[in-house]
Amino acid sequence: MNKKIIFATGNEHKMIEIRQILGDLGKEILSMKEAGIDLDIVEDGTTFEENALIKAKAVAKHCDAIVLADDSGLEIDYLNKEPGIYSSRYAGEDTPYEIKNQMLLDRLKGVPREQRTARFVCAIAAAVPGKDPIVVRGTIEGYIGDQPAGENGFGYDPIFYVPDLNCSTAELSPEEKNARSHRGNALRLMREKLKDII
Ligand code: ITT
């Protein structure tokens, strides 16, 4: 019986969402850093699902725990689904998001609202000792606004707007974002799949 879940991420923002949603599985949830695992994993898959599996399997080799990993990103339809799986590397890994977001806004200048559709995608993979790997996908549909708004969240949140609320996901509280986000939806699917087998 594994008592721990290790989530293969170095992103502290993700860990907050993960702990809130998977907390009721009754397992200790650790980030890779908290578990003392320091790996540089090459995410060379061609889909979110492949990359999530690559990360989960790589970490699972180094521990005897349930390992979860996600790969997520923003797909903008007008830009042929860019930045997609390259979301964190778009315009350079270390480029501040104010600049990355402004670059995307510039590329969409003059494009009408109905052609600014976009979605956040999150694939989560689970490597459970002795079981077949599990992969799930969650999404949230929205559109790219005309300007950044909001201070919450991270990454592309200030430019990603939720149609029925007409505000960006950076203007939502963490609870409001979790309730509808791609990662929230994927984590809830994963929680249902895991709860019977762990
Ligand atoms: P790990 O690989 O260590 O988990 P990461 O930040 O590089 O951290 P990803 O490879 O999954 O994570 O890249 C996802 C990128 O997509 C992330 O850096 C953001 O730019 C964007 N993204 C994903 N989820 C997001 C969200 O909820 N809000 C805003 N941007 C998000």
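Oh and the sequence shown: position 49 is 1236 in the working numbering, straight run, nothing missing.
By construction, the Cβ of each residue, glycine as well, lies at the ideal position given by its N, Cα and C atoms.
Do you know whose CA, among N1339, V1315, D1333 and R1370, lies nearest L1381's CA?
Mapped onto the sequence shown, residue 1381 falls at position 194. For L1381, the nearest C-alpha among the options comes from V1315.
On the DSSP bridge list, what partners appear for E1199?
Residue 1199 sits at position 12 when you count from the first residue of the sequence shown. In the DSSP output, where bridge partners are listed per residue, E1199 has none listed.
Could you check if G1332 belongs to the surroundings of ligand 1, using beta carbon to heavy atom distance under 6 Å?
Your numbering for residue 1332 matches position 145 in the sequence shown. It does not: the Cβ of G1332 is nowhere closer than 6 Å to a heavy atom of ligand 1.
Assuming I1331 contacts H1369 under a Cβ cut-off of 8 Å, what Cβ separation, rounded to an integer in Å, is found between them?
On the sequence shown, position 144 is the one that residue 1331 refers to. On the sequence shown, position 182 is the one that residue 1369 refers to. So it is not a contact: roughly 15 Å between Cβ atoms.
With DSSP as the reference, please indicate the residues paired to P1270 in a beta bridge.
As a position in the sequence shown, residue 1270 is number 83, starting the count at 1. Beta-bridge pairing links P1270 to E1262.
Please work out which residues of its chain come closer than 6 Å, Cβ to Cβ, to V1298, disregarding the five sequence neighbours upstream and downstream, and give them in chain order.
The residue you call residue 1298 lines up with position 111 of the sequence shown. Cβ neighbours of V1298 beyond the five flanking positions: Y1265.
For E1204, does the count of other Cβ atoms within 10 angstroms reach 16, so buried, or fall short, so exposed?
One-based indexing of the sequence shown puts residue 1204 at position 17. Classification for E1204: buried.
Please classify Y1273 as buried or exposed, where buried requires at least 16 other C-beta atoms within 10 Å of its C-beta.
Here the question's residue 1273 lines up with position 86 in the sequence shown. The residue is exposed, with fewer than 16 neighbouring Cβ atoms inside 10 Å.
Determine the contact status of A1239 and A1256, defining contact as a CB-CB distance below 7 Å.
Walking along the sequence shown from the start, residue 1239 turns up at place 52. Walking along the sequence shown from the start, residue 1256 turns up at place 69. Yes, the pair counts as a contact, with Cβ atoms nearer than the cut-off.
Beta-carbon gap between E1215 and V1322 smaller than 7 Å
Walking along the sequence shown from the start, residue 1215 turns up at place 28. Walking along the sequence shown from the start, residue 1322 turns up at place 135. Taking 7 Å as the Cβ cut-off, E1215 and V1322 do not qualify as a contacting pair.
Report the rounded CA-to-CA distance for K1404 versus N1339, giving the unit in angstroms.
For the chain, the structure presents residues 1188 to 1385; residue 1404 sits outside this window and is missing.
Whether F1307 touches L1374 by CB criterion (7 Å)
Walking along the sequence shown from the start, residue 1307 turns up at place 120. Walking along the sequence shown from the start, residue 1374 turns up at place 187. Contact flag unset, no.
Near N1288, which residues of its chain fall below 7 Å by C-beta distance, leaving aside the five closest residues on each side in sequence?
Stepping through the sequence shown from its first residue, residue 1288 is reached at position 101. P1335, Y1343, P1345 and I1346.
Please classify V1349 as buried or exposed, where buried requires at least 16 neighbouring CB atoms within 10 angstroms.
Counted from its first residue, the sequence shown places residue 1349 at position 162. It is buried - the Cβ of V1349 has at least 16 other Cβ atoms within 10 Å.
Considering only residues of the same chain and omitting the five flanking positions on each side of N1365, which have a CB-CB separation below 8 Å?
Start at 1 with the first residue of the sequence shown, and residue 1365 comes out as number 178. Answer for N1365: E1204, Q1207, I1208 and G1371, listed in chain order.
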